[in-house]
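Report on one structure; see the data block that follows.
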Amino acid sequence: MNHLLREHAPITDRGWAVIDEEARGRLTPALAARKLVDFAGPYGWEHSATNLGRARVLADAPAEGVTAEQRRVLALAELYVPFSLARSELRDVDRGAEDADLGALDEAARRIATAENRAVFHGWRDGGITGIAEASVHDAIPLGEDCERYPRHVARAVQALLSAGVGGPYGLALGPEVYTHVLETTEHGGYPLFDHLREIIGGPLVWAPGVQGAVVLSQRGGDFLLEVGEDLSVGYDRHDAGAVELYLLESFTFRVATNDAAVALT
Amino acid sequence: MTFSGVLCHDAGMGFDQYHEPPEELPDGTRTFARLCASLTEEAEAIGWYEQRLAVEPEREARAIMRDAQGEEFKHFSMNLEFLLRRTPLWREIAQGILFQEGDIVEHGEESEEEATEGAAERGSAVHGSTSLGIGSLRGAE
């Protein structure tokens with residue numbers, strides 16, 4: 414048994430299979446960062462820090478005539494979202510029900526995916542993470558209210574990246590509101606805005622819950638690194654006669670290696 | 022399986038398919054181990070029938086044994102397919118080797134290298150982990 418304590422839960426193999434499948438199904442569309450940045454890992458629950466290859470000089474050394482430095486590392490942060498499932502629903506799953514109420518799991522999946530995206534794109538100070546948008550040296554480009562002008566703004570972002578010597582293809586993370594506008598809009602002549610934007614960036618266009626506005630970022634690789642210890646997992650906390658308390662968990666960190674490889678659109 | 026020699030062999034072997042205390046193993050791992058043991062037994066039975074067929078002169082007896090061996094082919098294949106479905110990396114390596122023409126060893130080396138590197142790039146779950154195995158979603162727009 415590992416730290417998730419799944420074997421202690423009053424959940425059958427079939428129940429766990431349905432829970433895991435539901436979690437995967439809900440998480441995959443929402444994990445925008447994993448569709449756009451480099452991924453390293455998973456390195457397991459025991460993995461605690463990333464080597465930054467840097468050191469800081471220490472003012473005091475243990476003895477005279479000695480200089481001292483200390484390695485800098487980026488500690489992994491943990492995200493944890495508890496949720497509760499009714500044991501009656503899990504019994505129905507065992508009977509073969511295909512419409513069991515797993516709404517609490519769906520909401521937990523939405524929360525943890527949003528948190529991961531927000532940390533990667535906008536940063537998370539307490540987690541020691543600087544986000545892609547806040548690390549960018551490029552001025553943010555206002556998106557404005559007029560959806561039909563989005564292609565012009567995205568093209569300006571691509572131009573800024575090219576001018577900085579950052580090659581494509583590029584990806585585009587769209588916050589939910591912007592994504593909806595893009596899907597709903599056709600330009601003069603009936604050409605879908607979605608397809609036009611994709612042609613400009615040459616790479617993926619991704620729905621990104623947790624992202625404010627949008628972010629254009631290079632897809633050439635090596636610029637943004639998401640490092641995962643424990644990949645997204647469902648663990649067991651406790652239960653009573655009526656419900657099982659579970660949680661979604663991951664440990665990760667993120668760092669920007671190139672601060673001119675992305676442009677925020679706000 | 023129908024081969025009587027194997028059933029006798031089983032009765033004497035008890036729970037030898039486990040190399041770790043069974044009570045400490047997850048249900049899925051115990052099932053996996055049982056099917057691995059079955060796969061081994063079916064392969065043994067196929068080999069035994071092959072030997073008997075090689076020495077049996079009577080035509081009718083040979084026909085019965087050939088029919089029985091066909092059953093073992095089927096059992097072996099079903100066991101293998103079950104195990105491959107439960108083990109994506111094994112399945113991926115097997116796909117590069119099974120039903121391919123050419124050098125088997127070469128296919129094996131290439132298939133293993135491609136599959137293991139691909140798994141690492143995708144961020145596949147750590148062996149023994151109970152994570153959801155999501156990893157990287159590059160290319161899954």
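Chains as they are written, first to last, in the working numbering: chain W, 414 to 679; chain F, 22 to 162. Cβ coordinates follow ideal geometry from the N, Cα and C atoms, glycine included. Quantities reported herein were computed from a predicted structural model and do not represent experimental measurements.
- Taking a C-beta distance under 8 Å as the contact criterion, S157 (chain F) and F452 (chain W) qualify as a contact pair.
- Residue contact check for T151 (chain F) against chain W: a CB pair falls below 8 Å.
- Spanning the alpha carbons of E435 (chain W) and E138 (chain F) requires a straight line of approximately 28 Å.
- For V571 (chain W), no beta strand (DSSP E) encloses it; the enclosing alpha helix (DSSP H) starts and ends at 563 to 576.
- Chain-ordered listing is empty here: chain W has no CB closer than 8 Å to the CB of E44 (chain F), the nearest sitting near 10 Å.
- Along the segment 604 to 638 of chain W, going in chain order, the ones with a CB nearer than 8 Å to a CB of chain F are P617, L618, V619.
- Within 10 angstroms of the beta-carbon of P423 (chain W) lie fewer than 16 other beta-carbons, which makes it exposed.
- For F607 (chain W), the enclosing alpha helix (DSSP H) has its first and last residue at 606 to 614.
- At least 8 Å separates the CB of E133 (chain F) from every CB of chain W.
- DSSP, read as helix, strand or coil, puts W537 (chain W) in strand.
- Interface with chain W (8 Å Cβ-Cβ cutoff): L158 (chain F) is included.
- DSSP, reduced to helix, strand and coil, places L618 (chain W) within a strand of the structure shown.
- When secondary structure is reduced to three states using DSSP, Y592 (chain W) falls in the helix class.
- Interface flag for P47 (chain F) against chain W is set, since a Cβ pair is found closer than 8 Å.
- Annotated as distal: A586 (chain W) and G635 (chain W), with beta-carbon spacing of 8 Å or more.
- In this structure the segment 64 to 72 of chain F lies against the segment 90 to 98 of chain F, because at least three pairs of beta carbons, one per stretch, are closer than 8 Å.
- In terms of beta-carbon proximity, E162 (chain F) lines the interface with chain W, with at least one pair separated by less than 8 Å.
- Around the CB of L465 (chain W), fewer than 16 other CB atoms lie within 10 Å, so the residue is classed as exposed.
- Taking C-alpha positions only, A476 (chain W) is separated from A462 (chain W) by approximately 29 Å.
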